[in-house]
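Here our numbering is used: the first residue of the sequence shown is 233, the next is one more, and so on.
Glycine included, C-beta positions come from ideal geometry on N, C-alpha and C.
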Amino acid sequence: MDYLSSKIYLDYAATTPVDPRVLEVMMPFFSEQFGNPSSVHYYGQLAEAALEDARERIARNLGARSTEIIFTGCGTESDNLAIRGVAMARREATGANCILTTPVEHHAVLHTVEHLVKHQGFKVESLPVDRYGMVEPDEVRRRLTKNTALVSVIYANNEIGTINPVAEIGLICRQHGIPFHSDAVQAAAYLPMQTCPQWSDLISIGAHKMYGPKGAGVLYVRDGTPILPAQTGGGQENGLRAGTQNVPYIIGMAKAFDLSQQEMPELFAPLANWRDEIIQGVIERIPGAQLTGHRQQRLPNHASFVFEGVDGNHLLMMLDAAGFACSSGSACKTGNPKPSDVLLALGLHPQIALGSLRVTIGKPTSGKEIRQFIDALPRMVAAARALAQ
Ligand SMILES: *Cc1c(COP(=O)(O)O)cnc(C)c1O
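Here you go:
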């Protein structure tokens, strides 16, 4: 991945480059094998066979049945289908109309729930999180009622890296017969996923966070989960996601998921070591720096901080000018500085939350890049501080 070498990319939680092995398996499906998997003829059969092979491989990596795998257009769409589809089906069947979720969800979940509240008459109840952004399973147990339509808790947080005890939470929901959804878009590349059906009813995954292409996602829907389609039309994807499947991207996603799950055991420890080097280097060298998210229970590729007296956008622009591509961790735009809801939910002061920085590493990251970053950052933070005076 030489094209990354002139700049230092440290934003793998935003997106990843497509692995060359993934690109290779995608290519034939743009040309010779271009058929529509719903067509009866030879071309259709070829595409359908490849699509069903991809479905089986994804199912295997999730410890699921292939009938439980729904292909979507992205992680966001998977979240939408899970939440809209189950909320609607559960209300219709039981009258339950409350969605139990957390203040640290990705906007794909948060804004979908807000939309259902504002326009479809649903209610939302927010679970408390601790100062690391973690949900306590007992808090879920305490809040489940006959009126709970579904529970949604993010597996691994995109902004702060914290990993939630989703297996425990999911089992509590199962004991109460309430569907449990988890957004695993960040988790799928770095954490083992084979046990998901044991504790979850719905799992969202997106291809481009795990070295696959943008524009493909998966929703795992456990057999028997009440769910309505969020998009109607043809009968594709068990009637849950109408529209001709994006065959090349889905083939690529299956390969990307295979590779992530196969290579994770070797990848995890080196990434976690580098992550710890970043965390230690930043905390030691920069006064007023604070780690956000959990110290141990976090993604192996994820480090995130807040710096007192810094405007996070200034810092990002300075880093960019010096050749480092990082993120503030949230979608806050220059000119409209608003602290991230996730950081506020941790109890951080809004002024401090504005000084956030997310550093996420990936497969192509080298130790040299990390050392360069740790060496450069103190100067950048000092300059950003001077600017904010
Ligand atoms: C990136 C991301 C999404 C959205 O996925 P897209 O494929 O970009 O739509 C949802 N949830 C989390 C946790 C993410 O990191």
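- Exclusion of the five residues before and after Leu-503 leaves Pro-532, Asn-533, Ile-593 as the residues of its chain whose Cβ lies within less than 7 Å of its Cβ.
- For Pro-269, the number of other beta carbons within 10 angstroms of its own is at least 16, and it is reported as buried.
- Annotation: the continuous alpha helix (DSSP H) that includes Phe-500 extends over 479–517.
- As for any beta strand (DSSP E) of minimum length 3 sitting wholly inside the segment 395–482, the runs are 412–415, 434–438, 449–453, ordered along the chain.
- At a threshold of 8 Å, Thr-308 counts as near ligand 1, since its beta carbon sits closer than that to one of the ligand's heavy atoms.
- Of all alpha-carbon atoms in His-408, Leu-547, Gly-525, Ala-282, the one lying nearest the alpha-carbon of Asp-433 is that of His-408.
- Secondary-structure assignment with DSSP links Cys-330 through a beta bridge to Lys-355, Thr-380.
- Excluding residues up to 5 positions away in sequence, Ala-557, Cys-558, Ser-559, Thr-592 lie with their Cβ nearer than 7 Å to the Cβ of Asp-243 in the same chain.
- Between Gly-393 and Ala-535, the CB-CB gap stays under 9 Å.
- The C-beta separation of Thr-524 from Phe-539 comes to about 11 Å, leaving the pair out of contact by the 8 Å criterion.
- Linking Ala-381 to Pro-411 through their CA atoms gives a straight-line distance of about 7 Å.
- Three or more Cβ pairs drawn from the segment 293–313 and the segment 446–460 lie within less than 8 Å of each other, which places the two stretches in contact.
- With distances taken between CA atoms, Leu-547 lies nearest to Ala-618 out of Val-372, Ala-618, Ala-577.
- Taking 8 Å as the cut-off, the C-beta of Ala-388 counts as close to a heavy atom of ligand 1.
- A straight-line Cα-Cα distance of about 25 Å links Ile-395 and Asp-251.
- With distances taken between CA atoms, His-347 lies nearest to Arg-316 out of Glu-601, Arg-323, Arg-316.
- In terms of CA proximity to Lys-378, Cys-330 leads the group Asp-455, Cys-330, Ser-436.
- At a threshold of 8 Å, Ser-271 does not count as near ligand 1, since its beta carbon sits no closer than that to any of the ligand's heavy atoms.
- Assignment of beta-bridge partners to Gln-522 by DSSP yields Val-538.
- In the three-state reduction of the DSSP assignment, Val-349 falls in the helix class, which pools H, G and I.
- Distance check between Met-259 and each of Thr-248, Ala-279, Gly-599 places Ala-279 closest, using alpha-carbon atoms only.
- In the same chain as Thr-427, and ignoring 5 residues on each side of it, the C-beta atoms closer than 8 Å to its own belong to Gly-295, Ala-399, in chain order.
- For ligand 1, no non-hydrogen atom lies closer than 8 Å to the CB of Gln-494.
- Taking all protein chains shown into account, His-413 has 16 or more neighbouring C-beta atoms within 10 Å of its C-beta and is therefore buried.
- Thr-299 sits exposed, since fewer than 16 C-beta atoms from the chains shown fall within 10 Å of its C-beta.
- Counting C-beta atoms within 10 angstroms of its own C-beta, Tyr-422 has 16 or more neighbours from the protein chains shown and is therefore classed as buried.
- With respect to Arg-287, Phe-489 sits apart: the two C-beta atoms are not nearer than 9 Å.
- Ligand 1 approaches Asp-415 closely enough that one of its heavy atoms is under 8 Å from the residue's Cβ.
- If you check the CB distance, Tyr-481 and Ala-439 come in under 9 Å.
- Across the set Gly-555, Thr-248, Met-366, the C-alpha of Thr-248 shows the shortest separation from the C-alpha of Gly-444.
- The Cβ-Cβ distance between Leu-376 and Val-367 does not fall below 9 Å.
- For Arg-374, there is no enclosing beta strand (DSSP E); the enclosing alpha helix (DSSP H) covers residues 369–375.
- In this structure, the CA atom of Gly-447 is about 23 Å from the CA atom of Gln-494.
- If you draw a straight line from the Cα of Ala-608 to the Cα of Gly-276, it comes to about 54 Å.
- Placement of the Cβ of Val-341 at a distance of less than 8 Å from at least one heavy atom of ligand 1 is found.
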